[in-house]
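Chemist: Got a structure for you, written out below as structure tokens; questions coming shortly.
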Amino acid sequence: MYQHIAIAYDDSEGSRKALDRACSFALALRDIKLSVVHVNQESEVAAPVPDENIGVPPTISVPGLDGRVYPVDPPPVDEPSTQQFILNDAEEVMNHARKLLDAKGVKADTHILEGKVADSIIDFARNENVDCIITGSSGKNAVKSLFIGSVSKSLVKNADVDVLVVK
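For what it's worth, the UniProt record's numbering labels the leading residue of the sequence shown as 1, then goes sequentially.
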């Protein structure tokens with residue numbers, strides 16, 4: 001039977017069902033390790049900066065009284081960076097997973113990964129000796145197809161281990 005299960009979790013309804021199924025396994029088998037994984041998608045984490053813009057301070061354009069447009073420095077902003085917002089969201093997602101686990105009395109490790117969702121989960125499974133991945137049929141950002149989301153489909157197609165897709 002399975003020794004280490006990874007649960008793909010993004011706080012969508014599908015991933016909550018996957019987490020619930022993993023909890024059922026953990027309660028029935030008792031001697032199983034669970035790892036809840038959330039992936040900050042590569043496109044969310046960092047957008048490439050064109051080489052010609054490196055070292056150039058950001059500017060905004062404002063119209064002048066003479067009808068021309070003039071570049072000016074934007075006002076300083078004291079808000080957290082986009083990266084920080086993404087990391088905060090990931091922590092919030094994992095905190096919700098921990099609450100669901102605690103409510104069922106199940107212990108699990110949590111991991112926040114970065115990159116392409118399916119690839120990151122598959123790499124995690126390989127590196128951590130996971131023998132089963134549980135995922136929902138579609139997540140928050142999955143492009144829905146006729147049957148299952150694109151991440152689930154990619155996991156089923158490319159993972160070296162069993163993948164359980166929970167409807």
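Where is the CB? At the ideal position from N, CA and C, for every residue including glycine.
Under DSSP, the beta strand (DSSP E) around Lys33 begins and ends at which residues?
Modeler: Lys33 to Gln41
Chemist: Between the C-alpha atoms of Asn129 and His4, what's the straight-line distance to the nearest angstrom?
Modeler: 7 Å
Chemist: Span of the alpha helix (DSSP H) holding Val151?
Modeler: Ser150 to Asn158
Chemist: Report the rounded CA-to-CA distance for Arg126 versus Ala28, giving the unit in angstroms.
Modeler: 25 Å
Chemist: Return the first residue and the last residue of the alpha helix (DSSP H) that Val117 is part of.
Modeler: Val117 to Asn127
Chemist: In terms of alpha-carbon separation, which member of Tyr2, Ile7 and Asp102 lies closest to Ser152?
Modeler: Ile7
Chemist: Thinking Ala108 and Ser154 are a contact (beta carbons under 8 Å), I'd like their distance in whole angstroms, please.
Modeler: That belief does not hold up - the Cβ atoms of Ala108 and Ser154 are roughly 23 Å apart, past 8 Å.
Chemist: Which residue comes first and which comes last in the beta strand (DSSP E) that contains Gly136?
Modeler: Cys132 to Gly136
Chemist: Helix, strand or coil for Ser61, going by three-state DSSP, please let me know.
Modeler: strand
Chemist: Taking only three categories from DSSP, how would you classify Asp73?
Modeler: When secondary structure is reduced to three states using DSSP, Asp73 falls in the coil class, being assigned neither helix nor strand.
Chemist: On a Cα-Cα basis, can you pick out the residue from Gln41, Asp20 and Val161 that is closest to Ala90?
Modeler: Gln41
Chemist: Starting from the Cα of Val106, find the closest Cα among Ile121, Ser24, Lys157 and Val72 and give me that residue.
Modeler: Ser24
Chemist: How far does the beta strand (DSSP E) with Ala8 in it reach, from first residue to last?
Modeler: In this chain, the beta strand (DSSP E) harbouring Ala8 covers His4 to Ala8.
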